[in-house]
Amino acid sequence: MNASLTFYTHPMSRGRVARWMLEETGLPYETVLLEYGTTMKAPEYRAINPMGKVPAIKHGDTVVTENAAIAMYLADLVPGKQLSPPVGSAARGPYYRWISFMGPLEQLMVAKAAKAVLPDPRMAGFGTEEDLLGTLEGALKDRELLAGEQFTAADLLVAASLSWYMQFKLLEARPAFTKFAERHRNRPAALRADQIDNALIAGQQEGSDAQKTR
Numbered sequence: 093m094n095a096s097l098t099f100y101t102h103p104m105s106r107g108r109v110a111r112w113m114l115e116e117t118g119l120p121y122e123t124v125l126l127e128y129g130t131t132m133k134a135p136e137y138r139a140i141n142p143m144g145k146v147p148a149i150k151h152g153d154t155v156v157t158e159n160a161a162i163a164m165y166l167a168d169l170v171p172g173k174q175l176s177p178p179v180g181s182a183a184r185g186p187y188y189r190w191i192s193f194m195g196p197l198e199q200l201m202v203a204k205a206a207k208a209v210l211p212d213p214r215m216a217g218f219g220t221e222e223d224l225l226g227t228l229e230g231a232l233k234d235r236e237l238l239a240g241e242q243f244t245a246a247d248l249l250v251a252a253s254l255s256w257y258m259q260f261k262l263l264e265a266r267p268a269f270t271k272f273a274e275r276h277r278n279r280p281a282a283l284r285a286d287q288i289d290n291a292l293i294a295g296q297q298e299g300s301d302a303q304k305t306r
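Take the sequence shown: its letters are residues 93 to 306, numbered as in the working numbering.
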């Protein structure tokens, strides 16, 4: 890979998911840290992502935003890592399915976080809470992998989403959810990514404390 790879993030954001995926690839990348309300909304970054949100990556002249898209894009950059099933394989279907399933899950979790009245199931992208969580639980129960015989970006995104929402008590910590999330969150790349972002958070806090003492 000759084109440079730049990662735009904040260590206390969904960028932690993209960081994990970057660490799984083993590709070299530069990190650009952005701050909420300032550099994240500045014209320079809006030229990368007009939404003014993280994460985003820039690979050469190609910009990719949204964790699902970033994960799939990066997986395809390193076919030797087998982070995506081969094109045309039977595992490709569930790979796309469970990555996309995180969209309806997020809709439900955001509605719960806002303490909103859940919409009519006929209008909601997630249908009913019972059906969505039951479907996900059935897919994860007694399974280590979602798409084929190798760890893929689908496993990463599902494990990361489960961890995120259970952390904030938005998602019931069902045994199938906790077991799947814990298994994959203990991968070396996931631990490396957490170490990087946790160190960045500590550095930000130290800088803030230093400013307060001046």
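The C-beta atom is built at its ideal place from N, Cα and C for all residues, glycine as well.
Report task. Determine the burial state of PHE260: buried for a count of at least 16 other Cβ atoms within 10 Å of its Cβ, exposed for fewer. Result -> Position 168 of the sequence shown, counted from the start, is the residue given in the question as residue 260. Exposed: under 16 other Cβ atoms inside 10 Å.
Query raised in the report: From THR131, LEU238, HIS151, pick the residue whose C-alpha is nearest to that of GLU122; which is it?
Result: By one-based count along the sequence shown, residue 122 stands at place 30. For the options THR131, LEU238, HIS151, the alpha carbon positioned closest to that of GLU122 is the one of HIS151.
Query raised in the report: How many angstroms separate the CA atom of LEU97 from the CA atom of ILE149?
Result: On the sequence shown, residue 97 is found 5 positions in, with the first residue counted as 1. On the sequence shown, residue 149 is found 57 positions in, with the first residue counted as 1. Cα to Cα, LEU97 sits roughly 7 Å from ILE149.
Report task. Between the Cα of SER105 and those of THR227, GLU116, LEU125, spot the shortest distance and give me the residue it belongs to. Result -> The residue given as residue 105 occupies position 13 in the sequence shown. Looking only at THR227, GLU116, LEU125, the smallest Cα-Cα distance to SER105 is reached by LEU125.
**Report entry** ALA273, buried or exposed, once every other Cβ within 10 Å from all chains shown has been counted against 16
**Finding:** Working through the sequence shown from its first residue, we reach residue 273 at position 181. By the Cβ-count criterion, ALA273 is buried, with 16 or more other Cβ atoms from all chains shown falling within 10 Å of its own Cβ.
Query raised in the report: Within this structure, are the beta carbons of LEU248 and LEU175 separated by less than 9 Å?
Result: Walking along the sequence shown from the start, residue 248 turns up at place 156. Walking along the sequence shown from the start, residue 175 turns up at place 83. Contact flag set, yes.
Query raised in the report: Is any heavy atom of the ligand FAD found at a distance shorter than 8 Å from the C-beta of LEU210?
Result: In the structure shown, the ligand FAD is absent, as is every other ligand, since no ligand is present at all.
Query raised in the report: Is the distance from the Cβ of MET143 to the Cβ of THR154 below 9 Å?
Result: The residue you call residue 143 lines up with position 51 of the sequence shown. The residue you call residue 154 lines up with position 62 of the sequence shown. No, they are not a contact pair.
Requested in this report: Compute the Euclidean distance between the alpha carbons of THR220 and ALA161, then round it to the nearest angstrom.
Outcome: Locating residue 220 in the sequence shown gives position 128, where the first residue counts as 1. Locating residue 161 in the sequence shown gives position 69, where the first residue counts as 1. Take the alpha-carbon of THR220 and the one of ALA161: they are about 26 Å apart.
Query raised in the report: Could you give the C-beta distance for MET164 and ALA245, rounded to a whole number, given that I count them as a contact under 8 Å?
Result: If you number the sequence shown from 1, residue 164 lands on position 72. If you number the sequence shown from 1, residue 245 lands on position 153. Here MET164 really is in contact with ALA245; their C-beta atoms are around 6 Å apart, less than 8 Å.
**Report entry** Helix, strand or coil at LEU97 according to DSSP, with G and I counted as helix
**Finding:** Within the sequence shown, numbered from 1, the residue matching residue 97 stands at position 5. If DSSP states are grouped into helix, strand and coil, LEU97 belongs with the strands.
Report task. Write down the C-beta distance between LEU292 and PRO103 rounded to the nearest angstrom, noting that I regard them as a contact closer than 8 Å. Result -> Against the sequence shown, residue 292 aligns to sequence position 200. Against the sequence shown, residue 103 aligns to sequence position 11. For LEU292 against PRO103, the beta-carbon gap comes to about 4 Å, under 8 Å, which counts as contact.
Query raised in the report: Nearest CA to the CA of GLY129: which residue from LYS145, GLY118, GLU116?
Result: On the sequence shown, residue 129 is found 37 positions in, with the first residue counted as 1. Selection LYS145, GLY118, GLU116 evaluated against GLY129 yields LYS145 as nearest (Cα-Cα).
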